[in-house]
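*Asks:*
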């Protein structure tokens, strides 16, 4: 069964209602987090050797053996399968045909919507298929607030907006940043904008934002400097592509709203999270340089960059440098006209 946003919380809170849980999408960190939470809810621990089996790609052939094994210590077993693909369709069909209460959790980042496995599970009444995609806007702010609340920490609204605009696309990286902020908050339990900025410092996510804003303004030196800083901090080229994609999407939303007759200022105010006040002039400058058509083309090129970076053995850092150089040159050319 395909799980929509309205039923997501219910399914995640009660994963035991299903026989197979498929977690797919682009956010590998969110997939891992949801898989681990589901394991803990069923087995009480993420690494119980008697009730939890973890299969990587090399051990997929043991799926049926593990899924139909009896729990030696009692309680329901969980089989967590990483890098799941269509090759698992037949053994999973065989598993569903047997009487077993084992929960099988499939971690399948990037699984295509045309996947036979995904299509089968989304139609099966005892299987749940959940998309895990990078959060943005209010959804991301809600997740940040919720993760901080787990540590009894609150955050000011301006600090929340600032943080949500800078967190990377990967859930694991976001949670790591939240953990750091929770330690920083200490006994006060409240984070101000100054607290968040002081704790985050010159993180890779900020470097990425610097690069994206500078590139769409046509500032080659600033864009290259920020990009090299991000790469020097071991920032993933895929994260770089996604950061640029987020920025371009926001510019395009404003341009599309303006084309529909909404004023620029009102269109910018509609963005969530809002543009950080220190970035406003740069954002407006980019809007002056880029047409809606040009932004649409840039979005497509950025999506192609992310796909290229995911290919095994690709020179991803070089691809990012060439992409940023091309994007910046295009903006600079418009600025000279």
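Residue numbers (UniProt numbering): 1 to 337. Note that the Cβ used here is the ideal one computed from N, Cα and C, for glycine as well. Computed from a predicted model, the values in this text were never measured in an experiment.
Just reading off the beta strand (DSSP E) that residue 317 is part of, what are its end residues?
*Replies:* Looking at the DSSP string, residue 317 is not in any beta strand (DSSP E); the run it does join, the alpha helix (DSSP H), is 316-336.
*Asks:* For residue 247 versus residue 299, is the C-beta distance shorter than 8 Å?
*Replies:* Not in contact: residue 247 and residue 299 (Cβ atoms no closer than 8 Å).
*Asks:* Return yes when the Cβ of residue 220 is within less than 8 Å of the Cβ of residue 328, no when it is not.
*Replies:* For residue 328 and residue 220, yes; Cβs fall inside 8 Å.
*Asks:* Which complete alpha helix (DSSP H) runs does the segment 93-125 hold, if anything under 4 residues is left out?
*Replies:* Runs of the alpha helix (DSSP H) inside the segment 93-125: 116-123.
*Asks:* Apply the 10 Å Cβ neighbour rule to residue 213 and answer buried if 16 or more other Cβ atoms are within range, or exposed otherwise.
*Replies:* That one is buried.
*Asks:* Taking the C-alpha atoms as reference points, what is the distance between residue 162 and residue 309?
*Replies:* Cα to Cα, the separation comes out at about 28 Å.
*Asks:* At the level of alpha carbons, what is the spacing between residue 276 and residue 242?
*Replies:* Each residue's alpha carbon lies about 19 Å from the other.
*Asks:* Does the segment 13-21 come into contact with the segment 36-43, if we say contact requires no fewer than three beta-carbon pairs (one atom in each stretch) closer than 8 Å?
*Replies:* Yes, the segment 13-21 is in contact with the segment 36-43.
*Asks:* Determine the burial state of residue 293: buried for a count of at least 16 other Cβ atoms within 10 Å of its Cβ, exposed for fewer.
*Replies:* The residue in question, residue 293, is exposed, as its Cβ has fewer than 16 Cβ neighbours within 10 Å.
*Asks:* Inspect the beta-carbon positions of residue 176 and residue 141 and report whether they are closer than 8 Å.
*Replies:* No, Cβ-Cβ distance for residue 176 and residue 141 is not below 8 Å.
*Asks:* In three-state terms, what does DSSP make of residue 131?
*Replies:* Of the three classes helix, strand and coil, the one that applies to residue 131 here is strand, per DSSP.
*Asks:* Consider the C-beta atom of residue 147 and the heavy atoms of the ligand ADP; say whether any pair is separated by less than 7 Å.
*Replies:* Among the ligands in the structure shown, none appear at all, so the ligand ADP cannot be discussed.
*Asks:* Can you tell me which of the three DSSP states residue 74 falls into?
*Replies:* Coil at residue 74, not helix or strand.
*Asks:* For residue 53, which residues does DSSP report across the bridge?
*Replies:* For residue 53, which the question treats as bridged, DSSP gives the partners 79.
*Asks:* Under a Cβ-count criterion, where at least 16 other Cβ atoms within 10 Å of its own Cβ denotes burial, should residue 323 be classed as buried or exposed?
*Replies:* It is buried - the Cβ of residue 323 has at least 16 other Cβ atoms within 10 Å.
*Asks:* So, at 6 Å on beta carbons, what are the nonlocal neighbours of residue 222 in its own chain, with the 5 sequence-adjacent residues on each side left out?
*Replies:* These residues qualify, in order along the chain: 214.
*Asks:* Note down the Cα distance separating residue 332 from residue 198, rounded to an integer number of angstroms.
*Replies:* Distance between the alpha carbons of residue 332 and residue 198: 33 Å.
*Asks:* Kindly indicate which three-state DSSP category residue 250 falls into: helix, strand or coil?
*Replies:* Helix.
*Asks:* State buried or exposed for residue 102, treating a residue as buried only when at least 16 other CB atoms are found within 10 Å of its CB.
*Replies:* Buried, by the Cβ-count rule.
*Asks:* Compute the Euclidean distance between the alpha carbons of residue 111 and residue 337, then round it to the nearest angstrom.
*Replies:* Distance between the alpha carbons of residue 111 and residue 337 is about 44 Å.
*Asks:* Since residue 107 contacts residue 32 with CB under 8 Å, what's their CB separation in whole angstroms?
*Replies:* 7 Å between Cβ atoms; contact.
*Asks:* For residue 94, which of 66, 224, 184, 256 has the nearest alpha-carbon?
*Replies:* It is 66 whose Cα lies nearest to the Cα of residue 94.
*Asks:* Mind checking which residues open and close the beta strand (DSSP E) that includes residue 24?
*Replies:* Here the beta strand (DSSP E) through residue 24 covers 20-25.
*Asks:* Tell me the DSSP bridge mates of residue 155?
*Replies:* According to DSSP, which records beta bridges pairwise, residue 155 is partnered with 191.
*Asks:* Decide if residue 318 is buried, meaning its Cβ has at least 16 other Cβ atoms within 10 Å, or exposed.
*Replies:* Residue 318 comes out exposed.
*Asks:* Which residue comes first and which comes last in the alpha helix (DSSP H) that contains residue 224?
*Replies:* Note, residue 224: alpha helix (DSSP H), 220-232.
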